[in-house]
């Protein structure tokens, strides 16, 4: 009975805590269609002029189609690499016992503690040396490296929950470890793979520091850099236009979050059913 009564109070508390964020999203949506924005107050009637960036380039900036393609390539590339590498590393750390396994696990955890900003100078020199500076591939590899420690630890928890009897039975029947990994283990941890892929995509989609530091040419801009160019313009910022680009930037990741939130919840559980 007490738990039943507590749920409405908990929901009300969460609503109050999230109300500033919801108000910000509401302002973003309204301002993107407003003729003028005075301070924080959209005024005038509704207009689609703020969305003109969809049909024509803004000044010297690249077309929004190219920027959107770069952002999708960046986010999908990071998500794929994080899931692909994390799955193989997590399976090996979970099911195989080898010398240095504990040290490797500790090292992975320590690497996750380093903030990206503290390594930017070293990353800059490494990418220059490899010829990957000012390329999407370079930024994809760097972003992937920062997300791998979390991905490995999360998927290791899922692989740990696969019964050993299931693996022994497969090996006795003649299956190799690679066959077991592909045909049995991966389907068992599918919720974890989807959760990690969604998390990595959202993290890459919203990344700003790495592209801002490691990308110069506007031909490889992501949406984060496109939006920053509007805010950092020499002339006065057009906040209606900024709101429209920001709302456009928000929509895909918001849709992905709504579709994948049940998988994202499993990323903190670190386990599977059955």
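Numbering (our numbering), first residue to last: -14 to 259. A virtual CB, placed ideally from N, CA and C, is assigned to each residue, including glycine. As the structure is a prediction and not an experimental result, all values here were calculated from the model.
Asked, Found
"Extent of the continuous beta strand (DSSP E) run through residue 28", "26 to 31"
"DSSP bridge partner residues for residue 127 (one or two, in chain order)", "DSSP output for residue 127 lists no bridge partner at all."
"Residue 76 versus residue 118: straight-line alpha-carbon distance, rounded", "32 Å"
"Closest residue to residue 111 among 124, 28 and 157 (Cα-Cα distance)", "124"
"Candidates 227, 236, 228 and 188: closest to residue 65 by CA position", "188"
"Paired residues, beta bridge with residue 19 - DSSP", "31"
"CA nearest to the CA of residue 70, picked from 141, 15, 12 and 203", "141"
"Host alpha helix (DSSP H) of residue 37 (start-end)", "Unbroken run through residue 37: none, as it is neither H nor E."
"beta-carbon residue 202 near the ligand COA non-hydrogen atom, thresh 7 Å", "Ligands in the displayed structure: none, and consequently the ligand COA is not present."
"Limits of the unbroken alpha helix (DSSP H) element including residue 196", "194 to 199"
"Selection from 15, 90, 131 and 171 that minimises the alpha carbon distance to residue 72", "171"
"Selected residue, minimal CA-CA separation from residue 99, among 199, 33 and 131", "131"
"Distance, residue 158 Cα to residue 94 Cα", "36 Å"
"Of the residues 5, 27, 7 and -3, the one placed nearest residue 229, counting alpha carbons only", "27"
"Residue nearest to residue 80 in terms of C-alpha spacing, selected from 128, 33, 48 and 165", "165"
"Inter-stretch contact (C-beta, 8 Å, three-pair minimum) for the stretch 179 to 196 and the stretch -7 to 8", "no"
"Proximity below 8 Å, CB of residue 35 to CB of residue 226", "yes"
"Alpha-carbon spacing of residue 177 relative to residue 61, whole angstroms", "17 Å"
"Three-state secondary structure assigned by DSSP to residue 83", "coil"
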